[in-house]
Amino acid sequence: MSENAVPPPLPETEPTAPDVPVRTEPRFRDLAIALAIIWCCNFLLQIVGVGTFFAIRYAQTGEMPNMDLPPTLLFALVLLDWAVALPIAFYFSCVRSKRSFRAGFGLISVPARVASQSLTIGIVGAIVAGVVMTLFATGEAPIYEIAVDESADGSPTLLFSFLIFAVMVPPLEELYYRGFIFPILRRSLSPAWAIGIVSIWFALLHAAQLWGEWAGLGVVVVMGTVWTIQRHVYDSLTPSIISHWTYNTALVVLQVAAGI
Numbered sequence: 023m024s025e026n027a028v029p030p031p032l033p034e035t036e037p038t039a040p041d042v043p044v045r046t047e048p049r050f051r052d053l054a055i056a057l058a059i060i061w062c063c064n065f066l067l068q069i070v071g072v073g074t075f076f077a078i079r080y081a082q083t084g085e086m087p088n089m090d091l092p093p094t095l096l097f098a099l100v101l102l103d104w105a106v107a108l109p110i111a112f113y114f115s116c117v118r119s120k121r122s123f124r125a126g127f128g129l130i131s132v133p134a135r136v137a138s139q140s141l142t143i144g145i146v147g148a149i150v151a152g153v154v155m156t157l158f159a160t161g162e163a164p165i166y167e168i169a170v171d172e173s174a175d176g177s178p179t180l181l182f183s184f185l186i187f188a189v190m191v192p193p194l195e196e197l198y199y200r201g202f203i204f205p206i207l208r209r210s211l212s213p214a215w216a217i218g219i220v221s222i223w224f225a226l227l228h229a230a231q232l233w234g235e236w237a238g239l240g241v242v243v244v245m246g247t248v249w250t251i252q253r254h255v256y257d258s259l260t261p262s263i264i265s266h267w268t269y270n271t272a273l274v275v276l277q278v279a280a281g282i
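Count the sequence shown with our numbering and you get residues 23 to 282, in order.
Shown next as structure tokens:
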């Protein structure tokens with residue numbers, strides 16, 4: 023080959039596309055879609071449940087019953103709400119995002135020190151709540167009317183009802199509010215906004231039960247804020263579940279001890 027020969031062209035190579043990161047966490051749009059589905063389904067369930075109750079009562083008595091729903095029906099509707107909400111939250115947090123249950127909801131193990139602190143927060147919170155309600159309770163909240171109705175018509179006792187909510191509801195609420203909603207708001211807005219929104223949202227959930235008991239509702243706001251801060255600080259749902267569960271259980275024990 024002569025010195026002036028032209029070298030052969032190099033083989034053409036196609037430009038490689040940059041790696042696109044796989045989305046592993048739900049976005050604000052996912053949260054909006056999930057909430058719309060949950061609220062629509064729960065609204066329909068409420069209509070069907072209450073409508074069925076009135077139809078059965080009318081068939082039995084021939085008269086339209088009053089608007090006071092029995093506690094057992096209220097509890098059943100609440101459990102149905104959770105039966106709808108959590109699978110949808112699981113789909114968006116875990117299935118659609120291709121994450122495990124623990125990863126999707128932030129169920130991460132914490133040191134024994136953090137767990138013991140969470141237990142202490144729950145116990146101290148229950149004691150403070152008991153003192154506040156003893157000093158400032160008005161007895162006008164709807165939850166008291168439910169208690170009276172239960173004692174009068176032979177429905178499940180107040181203790182049984184509270185045990186249901188002490189044992190079952192805390193982990194359900196934590197999974198939904200701080201395991202599903204909070205992380206999305208924290209990523210989409212900011213930690214401060216997410217903590218504020220979830221804490222107020224959580225308190226509004228209990229407003230219908232405690233309407234008129236403003237001191238008790240204030241305690242719910244404070245405890246809800248504490249649990250949300252725990253979720254943020256430790257980046258794990260485990261501490262808030264421990265605190266919430268301990269708080270509700272200790273509150274039941276204190277109420278039983280006080281003869282309420």
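The beta carbon of each residue, even a glycine, is placed where N, CA and C say it ideally should be. Quick caveat: nothing in here was measured; it's all calculated off a predicted structure.
Going by beta carbon distance, what residues of the same chain come within less than 6 Å of D112, once the five residues before and after it are set aside?
Numbered from 1 along the sequence shown, position 90 holds the residue referred to as residue 112. First, the amino acid is wrong: residue 112 is Phe here, not Asp. None.
Residue nearest to R253 in terms of C-alpha spacing, selected from A159, P109, C63, L129:
Locating residue 253 in the sequence shown gives position 231, where the first residue counts as 1. The residue among A159, P109, C63, L129 with its C-alpha nearest the C-alpha of R253 is L129.
Alpha-carbon spacing of F65 relative to R135, whole angstroms
Locating residue 65 in the sequence shown gives position 43, where the first residue counts as 1. Locating residue 135 in the sequence shown gives position 113, where the first residue counts as 1. C-alpha separation (whole angstroms): 42 Å.
What whole-angstrom Cβ distance do V132 and S258 have, given they're in contact under 8 Å?
Residue 132 sits at position 110 when you count from the first residue of the sequence shown. Residue 258 sits at position 236 when you count from the first residue of the sequence shown. Contact between V132 and S258 holds: CB atoms are separated by about 6 Å, below the 8 Å threshold.
Could you pull out every unbroken alpha helix (DSSP H) segment of at least 4 residues lying fully inside the region 194 to 250, listed in chain order?
With a minimum length of 4 residues, the continuous alpha helix (DSSP H) runs that stay inside the region 194 to 250 are 204 to 210, 213 to 232.
Is it buried or exposed for A85, if we count other Cβ within 10 angstroms and need 16 for buried?
Taking the first residue of the sequence shown as 1, we reach residue 85 at position 63. Sequence check: residue 85 is Glu here, not Ala. By the neighbour-count rule (16 or more Cβ atoms within 10 Å), E85 is not buried but exposed.
Rounding to the nearest angstrom, what Cα-Cα distance links R49 and F127 in this structure?
Residue numbering aside, residue 49 sits at position 27 when the sequence shown is read from its first letter. Residue numbering aside, residue 127 sits at position 105 when the sequence shown is read from its first letter. If I take the Cα positions, the gap works out to 14 Å.
Residue from G201, A159, A188 whose Cα sits closest to the Cα of F123:
Sequence index remark: in the sequence shown, residue 123 carries index 101 (1-based). Comparing alpha-carbon positions, the option among G201, A159, A188 lying closest to F123 turns out to be G201.
Taking just the CA atoms, how far does P213 sit from S115?
The residue labelled residue 115 in the question sits at position 93 within the sequence shown. The residue labelled residue 213 in the question sits at position 191 within the sequence shown. For S115 and P213, the distance between alpha carbons rounds to 19 Å.
In whole angstroms, what separates the C-alpha of T250 from that of I78?
By one-based count along the sequence shown, residue 250 stands at place 228. By one-based count along the sequence shown, residue 78 stands at place 56. The alpha-carbon atoms of T250 and I78 are separated by roughly 42 Å.
State yes or no: is the C-beta of G144 within less than 9 Å of the C-beta of T271?
Here residue 144 refers to the residue found at position 122 of the sequence shown. Here residue 271 refers to the residue found at position 249 of the sequence shown. Cβ atoms of G144 and T271: closer than 9 Å.
Which residue marks the beginning of the alpha helix (DSSP H) containing S140, and which one marks its end?
Residue mapping note: residue 140 aligns to position 118 of the sequence shown, counting from 1. Annotation for S140: the continuous alpha helix (DSSP H) segment containing it runs 134 to 158.
In three-state terms, what does DSSP make of D52?
Walking along the sequence shown from the start, residue 52 turns up at place 30. DSSP places D52 within a helical segment (H, G or I) once states are collapsed to three.
Answer with buried or exposed for R208, where buried requires no fewer than 16 other C-beta atoms within 10 angstroms of its C-beta.
Counted from its first residue, the sequence shown places residue 208 at position 186. So R208 counts as buried.
Got a sec? Which residues, its chain only, sit under 6 Å from L53 by beta carbon, not counting five neighbours each side?
For the purposes of this step, residue 53 is taken as residue 31 along the sequence shown, with counting starting at 1. Closer than 6 Å at Cβ, skipping near neighbours: I206.
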